[in-house]
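*Asks:* With the first sequence counted from 1, adding 1 to any position gets you this note's numbering.
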Amino acid sequence: MSEKQPNTAVFYRLRDTIRKRIFSGLNEEQFRAAETGQGPVLCLAGAGSGKTMAMVYRILHLYIFGPQYDPKPKLDREPTPAELEQLENWLEENKDNVTKRLPATLLRLIRQDGVSPYSILAITFTNKAAEEMQERLEPMLGSAARDIWVMTFHKACVRILRREIKALGYSSDFTIYDDQDHMQLIKKTVAALDLDDKKYPPRAVSSMISRLKSELKDPASAKKQILDLWEEKVVQVYEIYQRELKKNNALDFDDLIMLTVQLFIKEPDILEYYRKRFQYVLVDEYQDTNHAQYRLISLLAGDHQNIFVVGDDDQSIYGFRQADIRNILDFERDFPGAKIIKLECNYRSTGRILAAANSVISQNLGRKKKTLWTNNPEGERLISYSAQDEQDEARFIGEQITELKQKGENYQDCAVLLRTNAQTRTLEEAFMKAGIPYRIVGGQKFYERMEIKDIMAYLKLLANQADGLSLRRIVNVPRRGIGEATMQKIEQLASLNNCSLFEALRCYASNEIGSKAAKGMLDFILLIERLLEVKEDFSITGLTEKIYAETRYVEILQKENTIEAESRLENLKELLTVTQEYDANNEEKSLSDFLSQVSLVSDLDSYEDVVEAVVIMTMHMAKGLEFGNVFLAGMEEGIFPHSRSVGDGELEEERRLFYVALTRAKKRVYLINARQRNLFGRRSYNQPSRFLEEVPLELAEEFKRKGIFETTYQGKGKNKQDIFRKGFYVLGEKVEHKKWGLGVIVSIRGEDEDCELQIAFPGMGIKTFLARYAPLQKIN
DNA sequence: ATCTTACCGATTTTT
DNA sequence: TCGGTAAGAT
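(1) Tell me whether P787 sits in a helix, a strand or coil according to DSSP, three-state version.
(2) May I have the straight-line CA-CA distance separating V236 from K156, to the nearest angstrom?
(3) Which value, in whole angstroms, describes the spacing of the CA atoms of N572 and R450?
(4) Starting from the Cα of E588, find the closest Cα among L633, W150 and I541 and give me that residue.
(5) What are the boundary residues of the beta strand (DSSP E) that S536 is part of?
(6) Leaving aside the five residues before and after A46 along the sequence, list all residues of the same chain whose C-beta is less than 6 Å from its C-beta, in chain order.
(7) I need the straight-line Cα distance from Q181 to T18, nearest angstrom please.
(8) E699: which of E379, A324, M54 and R204 sits nearest, CA to CA?
(9) Buried or exposed: Q243, going by 16 or more other Cβ atoms within 10 Å of its Cβ?
(10) To the nearest angstrom, how far is it from the Cα of Y348 to the Cα of N377?
(11) Quick one: Cα of I210 to Cα of L107, how far?
(12) Ends of the alpha helix (DSSP H) at F628?
(13) What distance in whole Å lies between the Cβ atoms of K101 and P140, which are believed to be in contact at a cut-off of 8 Å?
(14) Between which two residues does the alpha helix (DSSP H) holding W374 run?
(15) Could you compute how far the alpha carbon of A302 sits from the alpha carbon of R676?
(16) Alpha carbon to alpha carbon, how far is K536 from K129? Give it in angstroms, no decimals.
(17) Whole angstroms are fine: how far does the CA of T580 sit from the CA of L558?
(18) How long is the line joining the alpha carbons of D325 and V361, rounded to whole angstroms?
(19) Here's the rule: buried if 16 or more other CB atoms are within 10 angstroms of the residue's CB, otherwise exposed. What is F66?
(20) In whole angstroms, what separates the C-alpha of Y281 from that of S120?
(21) For N365 and E653, which I take to be in contact (beta-carbon distance under 8 Å), what is that distance rounded to the nearest angstrom?
(22) Tell me the residue span of the alpha helix (DSSP H) that contains C508.
(23) Decide if L743 is buried, meaning its Cβ has at least 16 other Cβ atoms within 10 Å, or exposed.
(24) Who are the Cβ neighbours of L592 in its own chain at under 6 Å, not counting the five residues just before and after it?
(25) Which residue wins for smallest C-alpha separation from E651, given the options N499, F321, A585 and T487?
(26) For F279, which residues in the same chain have their Cβ closer than 6 Å to its Cβ, ignoring the five residues on either side in sequence?
(27) So, using beta-carbon positions, are I111 and V284 closer together than 8 Å?
(28) Between D610 and Q288, how many whole angstroms is the CB-CB distance? I'm expecting something under 8 Å.
(29) On the premise that I526 lies in contact with R507, defined as a C-beta separation below 8 Å, what is that separation, rounded to the nearest angstrom?
(30) Excluding five sequence neighbours on each side, which residues of the same chain lie with their C-beta closer than 8 Å to the C-beta of K159?
(31) Alpha carbons only, please: which of R204, H183 and D270 is nearest the one belonging to L246?
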């Protein structure tokens with residue numbers, strides 16, 4: 002017989018139970034990550050260990066219960082019996098299901114000491130990750146979820162900079178240059194300095210400048226650490242490049258981070274404001290942060306030290322983009338008193354896949370020791386297949402996928418992951434032939450298409466007339482008879498008068514009335530001025546349509562009447578869908594805001610796994626995704642590990658990439674190498690990847706093609722005759738004929754031993770044979 | 001100013 | 001092999 006408890010005590014008990022219920026889907030470590038609200042926390046989260054869960058629930062916990070859970074918080078008033086009943090009812094109703102949604106009333110009742118959603122900053126690298134987190138938060142937190150800053154580094158920086166960049170001498174309608182724009186400007190600068198672009202390849206120059214920026218070195222401080230002539234010149238390029246950006250009121254991607262840090266350092270008041278505001282900072286994929294990003298978050302977390310980072314050093318595969326693995330390895334040193342939480346339970350992959358991945362990654366030195374384990378079943382063995390060549394490789398994958406499909410797998414649960422983009426072609430052809438629906442993620446990106454870039458350049462110029470790069474792009478698009486030579490003059494004029502390209506253009510046009518180029522220029526200037534006048538009156542869609550019409554861009558494409566023009570028109574239509582979506586979803590529509598939103602999306606963001614299609618992409622792009630069945634093609638020395646990375650310390654990063662690729666798979670992994678393949682138009686013979694040997698033998702089995710003659714053959718024999726009888730002929734394969742000598746199979750008709758082979762003998766033409774009788778021998 | 005042809009060179013790229 | 005760039009032709 003229990004004594005009648007006061008309402009408050011009952012409330013405490015119920016609240017505690019509800020808390021446990023909400024977090025019941027987490028394992029012990031995840032829960033610890035979620036509830037440790039104060040101080041620095043490093044969460045080492047292995048692949049597939051539910052780190053997003055941990056982050057989402059951490060935010061949830063902060064919002065509802067605050068940084069430090071108090072089971073008996075001070076209440077303003079005693080809860081009413083009706084309220085207690087509500088809580089009890091909820092508990093009763095949600096006895097068995099895992100909580101995905103919390104009703105607002107319940108939230109209001111139990112939320113005590115919870116932090117303001119405005120004080121939480123959750124940073125990711127991809128929009129996709131940010132959206133995923135946001136989507137999971139919304140049903141739990143309701144509208145409060147929208148007040149939390151869950152966004153990418155770059156987006157957060159753009160937000161801050163749009164408000165504060167005046168302090169750095171830019172104006173707030175700055176343009177963001179994408180990689181293409183950036184490269185363009187680098188090339189121009191290299192040329193302007195009269196440097197030989199053989200000795201100073203734009204790519205290398207760009208990567209050096211990018212490195213300097215991610216190390217927070219401005220041109221002045223970069224000058225102090227020059228090692229040789231080459232670097233000296235590059236720093237000169239950097240200096241001019243940076244000046245040029247500022248003149249154009251433009252920022253490249255690296256600037257977004259670097260300038261934000263500079264801003265914080267230069268303006269302590271501004272830093273103070275954001276420090277006060279973001280009391281709780283969370284960072285996803287911490288192993289991928291570069292130095293600038295590290296500085297950014299350490300500045301923000303400066304005094305409160307409430308910083309929570311999740312990452313996996315074993316999944317650091319962006320070293321070439323200045324991701325600094327030391328950030329995660331040194332976290333405990335950088336943030337004294339840091340708590341370490343390891344998430345080692347994998348919910349994704351089968352035991353065998355995980356064992357393979359563990360074994361592979363254990364070869365790397367200098368990592369934080371972690372061993373993933375799982376309660377999942379052992380699963381099937383990994384399958385390896387040694388293909389004749391890339392066609393055979395592609396065909397094998399196609400066949401296996403067809404087989405999987407028959408077993409009830411969906412196409413969208415199959416992924417082919419590649420080391421390089423160049424490997425996609427053969428696969429595409431094979432899939433097309435086999436009638437397998439496929440999708441290539443990460444090829445030509447929407448916003449990188451010519452026609453889209455053209456229209457965007459118009460919009461950019463309208464938003465920011467200082468943007469000379471955009472002006473240059475469109476001044477003669479469509480044709481207005483303004484060529485390179487004329488533009489050179491204008492550019493000179495601009496730098497002479499220290500004015501913008503647009504102003505120089507105006508000046509030139511009014512001075513050279515009558516010349517052909519001036520006529521075109523005048524057309525262009527009037528067009529832009531007309532658009533500038535009305536840009537405030539239109540929605541983004543309206544403005545875009547006006548550009549289509551006034552430039553006659555669409556009209557000209559229509560007249561072209563080619564398939565190419567057709568697809569460009571399609572893209573322009575698609576762009577209108579994008580603008581419409583923006584217009585519909587954004588209250589105060591500003592052109593700059595639209596443009597930055599667009600600048601910060603990637604191809605991967607549009608990737609949804611609902612389409613019935615096999616997905617083909619690079620291993621890099623696959624990070625963070627998962628698939629039932631994963632095919633890793635091109636497991637060859639030179640390709641993977643890539644020849645360029647063998648040698649200097651990058652082998653471990655390649656191995657991490659392999660680890661990432663393996664751990665994408667839930668059920669099946671196929672490892673395929675081709676014994677020969679065309680590489681740069683040359684036939685090359687590659688050894689199987691060393692990584693294959695790092696997969697323990699007992700976890701894998703080799704797939705043997707059931708050849709036409711193989712039914713009875715079980716041979717171990719080494720002699721040529723045996724091998725010759727065992728094989729199955731493959732298109733493109735080299736064979737030796739007793740009489741004709743070396744040849745290549747160019748066609749195979751029919752099945753099994755009845756098939757008819759056409760073989761090309763160099764200098765002797767194509768001969769036809771019946772496989773059954775022909776005295777053929779395979780050449781490896 | 002714009003179109004054509006001969007070279008060269010060739011990872012990965014969240015933003 | 002392909003695609004992007006640089007010099008030559010119209």
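Where is the CB? At the ideal position from N, CA and C, for every residue including glycine.
*Replies:* On the basis of the supplied data:
(1) Lying outside 2 to 781, the shown extent of the chain, residue 787 is not represented and no answer is given.
(2) Stepping through the first sequence from its first residue, residue 236 is reached at position 235. Stepping through the first sequence from its first residue, residue 156 is reached at position 155. Spanning the two alpha carbons is a distance of roughly 28 Å.
(3) The residue you call residue 572 lines up with position 571 of the first sequence. The residue you call residue 450 lines up with position 449 of the first sequence. Those two C-alpha atoms are separated by around 9 Å.
(4) Within the first sequence, numbered from 1, the residue matching residue 588 stands at position 587. Among L633, W150 and I541, the Cα nearest to that of E588 belongs to I541.
(5) One-based indexing of the first sequence puts residue 536 at position 535. It should be pointed out that residue 536 corresponds to Lys in this sequence rather than to Ser. Membership of K536 in any beta strand (DSSP E) is not indicated, and neither H nor E is assigned to it by DSSP.
(6) Taking the first sequence and counting its residues from 1, one reaches residue 46 at position 45. So the list reads K52, V311, D313 and L344, once near-sequence residues are dropped.
(7) Numbered from its first residue, the first sequence carries residue 181 at position 180. Numbered from its first residue, the first sequence carries residue 18 at position 17. Looking at the two C-alpha atoms, the distance is approximately 55 Å.
(8) Residue 699 sits at position 698 when you count from the first residue of the first sequence. That would be E379, whose Cα lies nearest to the Cα of E699.
(9) For the purposes of this step, residue 243 is taken as the residue at position 242 of the first sequence. Buried, because 16 or more other Cβ atoms sit within 10 Å of the Cβ of Q243.
(10) Against the first sequence, residue 348 aligns to sequence position 347. Against the first sequence, residue 377 aligns to sequence position 376. The straight-line gap from Cα to Cα measures roughly 7 Å.
(11) The sequence position of residue 210 within the first sequence is 209, counting from 1. The sequence position of residue 107 within the first sequence is 106, counting from 1. If I take the Cα positions, the gap works out to 53 Å.
(12) One-based indexing of the first sequence puts residue 628 at position 627. Where F628 is concerned, there is no enclosing alpha helix (DSSP H), although the beta strand (DSSP E) it sits in stretches over F628 to A634.
(13) Stepping through the first sequence from its first residue, residue 140 is reached at position 139. Stepping through the first sequence from its first residue, residue 101 is reached at position 100. P140 to K101, Cβ: 6 Å. Contact.
(14) Residue numbering aside, residue 374 sits at position 373 when the first sequence is read from its first letter. First-last for W374: undefined, no H or E at that position.
(15) The count along the first sequence starts at 1 and reaches residue 302 at position 301. The count along the first sequence starts at 1 and reaches residue 676 at position 675. Rounded to the nearest angstrom, the two C-alpha atoms are 53 Å apart.
(16) If you number the first sequence from 1, residue 129 lands on position 128. If you number the first sequence from 1, residue 536 lands on position 535. Distance between the alpha carbons of K129 and K536: 31 Å.
(17) Here residue 558 refers to the residue found at position 557 when the first sequence is read from its first residue. Here residue 580 refers to the residue found at position 579 when the first sequence is read from its first residue. One C-alpha to the other measures close to 21 Å.
(18) Mapped onto the first sequence, residue 325 falls at position 324. Mapped onto the first sequence, residue 361 falls at position 360. Computed Cα separation, rounded: 22 Å.
(19) In the first sequence, the residue the question calls residue 66 occupies position 65. Classification of F66: buried, given that the 10 Å Cβ count is 16 or more.
(20) Sequence index remark: in the first sequence, residue 281 carries index 280 (1-based). Sequence index remark: in the first sequence, residue 120 carries index 119 (1-based). Roughly 6 Å between the two C-alpha positions.
(21) For the purposes of this step, residue 365 is identified with residue 364 of the first sequence, where counting begins at 1. For the purposes of this step, residue 653 is identified with residue 652 of the first sequence, where counting begins at 1. Under the criterion of beta carbons closer than 8 Å, N365 and E653 qualify as touching, at roughly 5 Å.
(22) What you label residue 508 is simply residue 507 of the first sequence in a count that begins at 1. Element bounds for C508: L502 to N512.
(23) To locate residue 743, count along the first sequence from 1; it is residue 742. Exposed, since its Cβ has fewer than 16 Cβ neighbours within 10 Å.
(24) To locate residue 592, count along the first sequence from 1; it is residue 591. Hits under 6 Å: A464.
(25) Here residue 651 corresponds to residue number 650 of the first sequence, with the count starting at 1. Nearest option by C-alpha distance: F321.
(26) Counting from one through the first sequence, the residue named residue 279 turns up at place 278. So the list reads L122 and L301, once near-sequence residues are dropped.
(27) Working through the first sequence from its first residue, we reach residue 111 at position 110. Working through the first sequence from its first residue, we reach residue 284 at position 283. No, they are not a contact pair.
(28) In the first sequence, counting from the first residue as 1, residue 610 sits at position 609. In the first sequence, counting from the first residue as 1, residue 288 sits at position 287. Contact flag wrong, Cβ pair sits at about 25 Å.
(29) Residue 507 sits at position 506 when you count from the first residue of the first sequence. Residue 526 sits at position 525 when you count from the first residue of the first sequence. Right, their Cβ atoms sit about 6 Å apart.
(30) Stepping through the first sequence from its first residue, residue 159 is reached at position 158. A quick correction: the sequence has Val, not Lys, at residue 159. I177, L257, S597 and L601, listed in sequence order.
(31) The residue labelled residue 246 in the question sits at position 245 within the first sequence. Comparing Cα positions, the closest option is H183.
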